Amino acid sequence: VRELIGRLDELPAGRRELLLPRALRSAIQRFGATRNVQDAATALGNVCASEGERMESELSTIRYIAWAIPSVGFIGTVRGIGAALSLAHQAVEGDITGVTQSLGVAFNSTFIALVISIVLMFFIHQLQLMQERLVLDTETYGDRQLIARLRIHP
């Protein structure tokens, strides 16, 4: 156990705080304390699960912004329709230029907001996929390269 912890301690300071070294350290320390492989596997899983939850919570603000963007577009639509209605008297007199420009702004606002939201949601989903893969790959690596090799020597 000391030898494995020593190897992790040899990593540069910035790398020791990455997910894989933290998860391995937790599993090794738990195994050293309990001499139980299942406890080590649980410790590895707990570190990975808490990291996954931390990453998920950090995306909440970005998700809120992606959700709010269409609402801002809708506000632009309402303002544009309101402006068009305020020019209705000109349309009755035969000049529909102001009304059509205002309606164009109204629907353009919604269109732009929806496009931005779609693009942003794509990148959010890509980021989330990368994060989930990182956590899963870390747990799989820990299971295959550490947990499966832990043995108790009398």
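Okay, so the sequence shown: first residue is 148 according to my numbering, each after it adds one. Positions of the beta carbon are idealized from the N, C-alpha and C atoms, including for glycine. As the structure is a prediction and not an experimental result, all values here were calculated from the model.
Check	Outcome
Give the secondary structure of Pro-168 by DSSP, where H, G and I count as helix, E and B as strand, and everything else as coil.	helix
Between the C-alpha atoms of Ser-233 and Asn-255, what's the straight-line distance to the nearest angstrom?	19 Å
With Ile-259 and Arg-210 assumed to form a contact (beta carbons below 8 Å), what rounded beta-carbon distance in angstroms separates them?	That belief does not hold up - the Cβ atoms of Ile-259 and Arg-210 are roughly 20 Å apart, past 8 Å.
Exposed or buried, what is Val-194 when buried is set at 16 or more other beta-carbons lying within 10 Å of its beta-carbon?	buried
Keeping to the same chain, check which residues put their C-beta closer than 8 Å to that of Ile-175; ignore five residues upstream and five downstream.	Val-148, Leu-151, Ile-152, Leu-155, Ala-187, Leu-293
Check whether the region 227-247 touches the region 276-291, counting contact only when three or more Cβ pairs, one atom from each stretch, lie closer than 8 Å.	no
Between Leu-261 and Gly-220, which are expected to be in contact by the criterion C-beta below 8 Å, what is the C-beta distance as a whole number of angstroms?	6 Å
Please confirm whether Ile-299 and Arg-177 have their CB atoms less than 8 Å apart.	no
Do you know offhand how far Glu-203's Cα is from Ala-213's?	15 Å
When you compare only the Cα positions, how much space is there between Ala-215 and Arg-226?	17 Å
Determine, using beta carbons only, whether Gly-128 and Ala-253 come nearer to each other than 8 Å.	No statement about residue 128 is possible, as the shown extent of the chain runs from 148 to 301 and does not include it.
If you compare alpha carbons, which of Pro-217, Leu-166, Ser-197 is closest to Ile-263?	Pro-217
Where does Ile-209 sit, in a helix, a strand or coil, going by DSSP?	helix
For Ala-311 and Val-184, I'd like the C-alpha separation in whole angstroms.	One cannot answer for residue 311 here, as it falls past the ends of the chain, which runs 148 to 301.
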